[in-house]
Amino acid sequence: MSIAKTSEISSASSKSFEDAIQKGIKRFAKTIDNIEGAWIKEQKVVVKGNDVTEYRVTMKVSFLLKD
Numbered sequence: 429m430s431i432a433k434t435s436e437i438s439s440a441s442s443k444s445f446e447d448a449i450q451k452g453i454k455r456f457a458k459t460i461d462n463i464e465g466a467w468i469k470e471q472k473v474v475v476k477g478n479d480v481t482e483y484r485v486t487m488k489v490s491f492l493l494k495d
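Under our numbering, think of the first position of the sequence shown as 429, with each following residue one higher.
So, in structure tokens, the structure goes:
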């Protein structure tokens with residue numbers, strides 16, 4: 429039987445939401461093994477001078493606990 433846990437993380441990128449997601453997962457994977465998936469809880473953009481300057485995501489990442 430597998431047991432999974434979730435953690436909520438936030439990440440940002442100046443390029444896109446997809447890039448913010450990739451950066452967040454890659455950074456999370458440096459400290460947590462067995463990542464199974466992620467649920468994007470929230471997306472937000474930062475606007476300065478009528479231009480989008482940053483894409484931010486908040487996600488819940490699930491991972492399996494070791495036996």
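For glycine and all other residues, C-beta sits at the position ideal for the given N, C-alpha and C. Just so it is clear, the structure is predicted and the values come from calculations on it, not from any experiment.
Residues bridged to residue 486 [DSSP beta-bridge criterion]:
Working through the sequence shown from its first residue, we reach residue 486 at position 58. For residue 486, which the question treats as bridged, DSSP gives the partners 438, 470.
Range of the contiguous alpha helix (DSSP H) that encloses residue 447:
Position 19 of the sequence shown holds residue 447. Note, residue 447: alpha helix (DSSP H), 445-457.
Out of curiosity, what's the CA-to-CA distance linking residue 442 and residue 475?
Walking along the sequence shown from the start, residue 442 turns up at place 14. Walking along the sequence shown from the start, residue 475 turns up at place 47. For residue 442 and residue 475, the distance between alpha carbons rounds to 11 angstroms.
Beta-carbon proximity list for residue 472, same chain, < 6 angstroms, skipping 5 on both sides:
Translated into positions along the sequence shown, residue 472 becomes position 44. Same-chain partners within the cutoff: 484.
Separation of residue 454 from residue 478, as counted between CA atoms:
Here residue 478 refers to the residue found at position 50 of the sequence shown. Here residue 454 refers to the residue found at position 26 of the sequence shown. Between residue 478 and residue 454, the C-alpha separation is close to 30 angstroms.
For residue 464, which residues from the same chain have a beta carbon less than 8 angstroms from its beta carbon, with the 5 sequence-adjacent residues on both sides left out?
Residue mapping note: residue 464 aligns to position 36 of the sequence shown, counting from 1. Counting only Cβ-Cβ distances below 8 angstroms, and skipping sequence neighbours, we find 432, 490, 491, 492.
Out of 486, 458, 482, which one is the CA nearest neighbour of residue 449?
Counted from its first residue, the sequence shown places residue 449 at position 21. Comparing Cα positions, the closest option is 486.
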